[in-house]
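J.: Handing you a structure now.
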Amino acid sequence: MKNIKDYNLEELKQEFIAMGEKPFRAEQVFKWIFEANVTSFDEMTNLSLELREKLKQNYTLCIYKILKKQVASDGTKKYLFDVLDGNAIETVLMEYHHGYSICVSSQIGCKMGCKFCASTGIQFARNLSSGEIVEQILAVEREENIKISNVVFMGIGEPLDNYDNVVNAIRIINNQKGINIGARHISISTSGIVPKIYKLAEENIQCTLSISLHATTNEKRSSMMPVNDAYNLEELLKACKDYIEKTNRRISFEYALAKDNNDNLEDAQRLVKLLKGMLCHVNLIPINKIENGAYVKSSNENIIKFRDYLNEHGIVATIRRELGSDIDAACGQLRRKNLQETKISKNKV
Ligand code: SAH
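Using the working numbering, the first residue of the sequence shown is number 36, and each one after it goes up by one.
Next up, the structure:
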């Protein structure tokens, strides 16, 4: 059956027209789903019983069940969702002074193979549909009785490897008649799929683009991120410049600092050279520990030195707060799970 959450408002209107229904009915349904966040068609009380029946027969509402919820010492929450096909994915909720920010997954597993990231450790299963991406937001809002104000595509998966569904999810999230989160409060993070960066620049969505850079030479970057063999630093930075030119939006470069790997003065000097004059910001991430991971976090002293060097040389840099690391909810610690595995870990508890 089709997932009704997969449709943006325009597409839903087309669906309704094809069913012989008036487009304004689609708008009513869209509001019930994404604004009122109902969990059944029966709650759509301004629709006739016949229409509710017709919808039930043709569509599912794709309601995610929380298999597990963990709360970190800093208040960050991690949810394990049953995605209804034997797999489970993770989503993280963070509270900031400006509101709630959710980190959503875009794929079940990841193909990119970054050496420092747990999301890629087990096999890729499939893309999430737009409705499945959006349901992570709706499910957390229902569970916590809150309104989320920021969405980051930094969970499991490479968003630009699931381009169409991610862009459609953004259109749904962004719609004022539904979840109504401004595009400027939505960030996509990519490991650097260059052709898709060019494509995104043409979409006319004002979301923030984050680039996982992590290294300043092709040799080092390729050793950490296999995607660099397909699209190297020069190609990546050229695409970033094009993105900035076309959108006038500042790009955020993510740089995870690992001891004796990419955190010395020469790295900082090369980074300044690479980014000089670009409308950008550098987000330094103390690298998080993962199972069997080869990298160790840089010392606090080195992280601060690295940041100060960038700032003193005209590159705005900040250190990302480490949220949720005690429950494996921090950057790079999320993983796809299968239900079998979940049951095993439940029994163990
Ligand atoms: N696939 C996307 C988004 C997912 S991760 C991407 O690669 O950008 C969000 C950020 O966390 C990325 O910058 C990613 O490189 C970073 N990250 C992954 N593993 C990490 C780790 N162990 N420690 C710190 N950051 C990590």
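Cβ atoms here follow ideal geometry from the backbone N, Cα and C, with glycine treated the same way. Given the structure is predicted, the values throughout are model-derived calculations rather than measurements.
Starting from the C-beta of E238, find all residues in its chain whose C-beta is less than 8 Å away, skip the five residues before and the five after it, and write them out in chain order.
T.: By 1-based counting over the sequence shown, the position of residue 238 is 203. Cβ within range, chain order: V202.
J.: When you compare each of A71, N335, H133 and K40 to A291 by their alpha carbons, which one comes out closest?
T.: For the purposes of this step, residue 291 is taken as the residue at position 256 of the sequence shown. Of the candidates A71, N335, H133 and K40, the one whose C-alpha sits nearest the C-alpha of A291 is N335.
J.: Over what stretch of residues does the beta strand (DSSP E) that includes M129 continue unbroken?
T.: Sequence index remark: in the sequence shown, residue 129 carries index 94 (1-based). Taken as a continuous stretch (DSSP letters only), the beta strand (DSSP E) holding M129 covers N122 to Y131.
J.: So, using beta-carbon positions, are L195 and K231 closer together than 9 Å?
T.: One-based indexing of the sequence shown puts residue 195 at position 160. One-based indexing of the sequence shown puts residue 231 at position 196. In this structure, K231 lies closer than 9 Å to L195 by Cβ.
J.: Can N17 be considered in contact with the ligand SAH, in the sense that its beta carbon sits closer than 8 Å to one or more heavy atoms?
T.: There is no way to answer for residue 17, as the model of the chain reaches only from 36 to 384.
J.: From I137, K146, S136 and S154, pick the residue whose C-alpha is nearest to that of Q368; which is it?
T.: Numbered from 1 along the sequence shown, position 333 holds the residue referred to as residue 368. Nearest C-alpha to Q368: S154.
J.: Excluding sequence positions up to five away, which residues of its chain have a Cβ less than 6 Å from the Cβ of V106?
T.: If you number the sequence shown from 1, residue 106 lands on position 71. Here the set comprises K112.
J.: Go through its chain and collect everything with a Cβ distance to N72's Cβ below 7 Å, but skip five positions before and after it.
T.: Here the question's residue 72 lines up with position 37 in the sequence shown. Same-chain partners within the cutoff: L173, E176 and R177.
J.: Compute every distance between the C-beta of P230 and the non-hydrogen atoms of the ligand SAH, then say whether any falls below 8 Å.
T.: Start at 1 with the first residue of the sequence shown, and residue 230 comes out as number 195. No; taking the cut-off as 8 Å, the Cβ of P230 has no heavy atom of the ligand SAH nearer than that.
J.: Quick check on DSSP: helix, strand or coil for Y290?
T.: Here residue 290 refers to the residue found at position 255 of the sequence shown. Reduced to three states, the DSSP call for Y290 is strand.
J.: What span of residues does the beta strand (DSSP E) with Y135 cover, start to end?
T.: For the purposes of this step, residue 135 is taken as the residue at position 100 of the sequence shown. Here the beta strand (DSSP E) through Y135 covers G134 to C138.
J.: Applying the criterion that 16 or more other CB atoms from any shown protein chain within 10 Å of the CB defines a buried residue, is F341 buried or exposed?
T.: The residue labelled residue 341 in the question sits at position 306 within the sequence shown. When all chains shown are included, F341 counts as buried.
J.: Pull the bridge partners of V106 from the DSSP assignment, please.
T.: The sequence position of residue 106 within the sequence shown is 71, counting from 1. The partner list for V106 (beta bridge, DSSP) reads K112.
J.: Suppose you measure from the CA of A218 to the CA of C242; what does that come to, to the nearest Å?
T.: The count along the sequence shown starts at 1 and reaches residue 218 at position 183. The count along the sequence shown starts at 1 and reaches residue 242 at position 207. For A218 and C242, the distance between alpha carbons rounds to 5 Å.
J.: For the ligand SAH, is there any heavy atom lying closer than 8 Å to the beta carbon of G144?
T.: Start at 1 with the first residue of the sequence shown, and residue 144 comes out as number 109. Every heavy atom of the ligand SAH is 8 Å or more from the Cβ of G144, so no.
J.: What's the C-alpha gap between D41 and I286?
T.: Locating residue 41 in the sequence shown gives position 6, where the first residue counts as 1. Locating residue 286 in the sequence shown gives position 251, where the first residue counts as 1. Taking the straight line joining both Cα atoms gives about 28 Å.
J.: Please confirm whether any heavy atom of the ligand SAH lies closer than 8 Å to the CB of S245.
T.: Along the sequence shown, one-based indexing puts residue 245 at 210. Yes, the Cβ of S245 comes within 8 Å of a heavy atom of the ligand SAH.
J.: Considering Cα atoms alone, identify which of E357, A303 and R356 is closest to G349.
T.: Counted from its first residue, the sequence shown places residue 349 at position 314. Closest option to G349, Cα to Cα, is A303.
J.: Is D298 buried or exposed, if buried means 16 or more other CB atoms sit within 10 Å of its CB?
T.: Against the sequence shown, residue 298 aligns to sequence position 263. Flag for D298 reads buried.
J.: Any idea what DSSP makes of C149, helix, strand or coil?
T.: In the sequence shown, counting from the first residue as 1, residue 149 sits at position 114. C149: coil per DSSP, three-state reduction.
J.: DSSP on A53, reduced to helix/strand/coil?
T.: Locating residue 53 in the sequence shown gives position 18, where the first residue counts as 1. Correct three-state label for A53: helix.
J.: Taking the Cβ atom as the reference point for each residue, do N263 and A274 lie within a distance shorter than 9 Å?
T.: As a first step, residue 263 is located in the sequence shown; it is residue number 228 there, counting from the start. As a first step, residue 274 is located in the sequence shown; it is residue number 239 there, counting from the start. Contact: no.
J.: Could you tell me the distance, in whole angstroms, from the CA atom of K48 to the CA atom of F188?
T.: Along the sequence shown, one-based indexing puts residue 48 at 13. Along the sequence shown, one-based indexing puts residue 188 at 153. About 27 Å.
J.: Please state whether the Cβ-Cβ distance between Y135 and E179 is less than 9 Å.
T.: Stepping through the sequence shown from its first residue, residue 135 is reached at position 100. Stepping through the sequence shown from its first residue, residue 179 is reached at position 144. Against a cut-off of 9 Å, the Cβ pair of E179 and Y135 comes out as a contact.
J.: Does the structure place the region 342-362 close enough to the region 307-317 that three or more beta carbon pairs sit under 8 Å?
T.: Yes, the region 307-317 touches the region 342-362.
J.: Which same chain residues, not among the five before or five after Q63, have their C-beta less than 8 Å away from its C-beta?
T.: Residue numbering aside, residue 63 sits at position 28 when the sequence shown is read from its first letter. Cβ within range, chain order: M79, N81 and L82.
J.: Counting C-beta neighbours from all protein chains within 10 Å, is the total for Y94 16 or more, i.e. buried, or is it exposed?
T.: What you label residue 94 is simply residue 59 of the sequence shown in a count that begins at 1. Per the 10 Å Cβ criterion, buried.
J.: Of all the options S164, P261 and G190, which has the alpha carbon lying nearest to the alpha carbon of G148?
T.: For the purposes of this step, residue 148 is identified with residue 113 of the sequence shown, where counting begins at 1. Of the candidates S164, P261 and G190, the one whose C-alpha sits nearest the C-alpha of G148 is P261.
J.: What separation, rounded to the nearest whole angstrom, lies between the Cα atoms of R371 and S360?
T.: On the sequence shown, residue 371 is found 336 positions in, with the first residue counted as 1. On the sequence shown, residue 360 is found 325 positions in, with the first residue counted as 1. Roughly 17 Å between the two C-alpha positions.
J.: Going by DSSP in three states, F159 sits in which element: helix, strand or coil?
T.: As a first step, residue 159 is located in the sequence shown; it is residue number 124 there, counting from the start. F159: coil per DSSP, three-state reduction.
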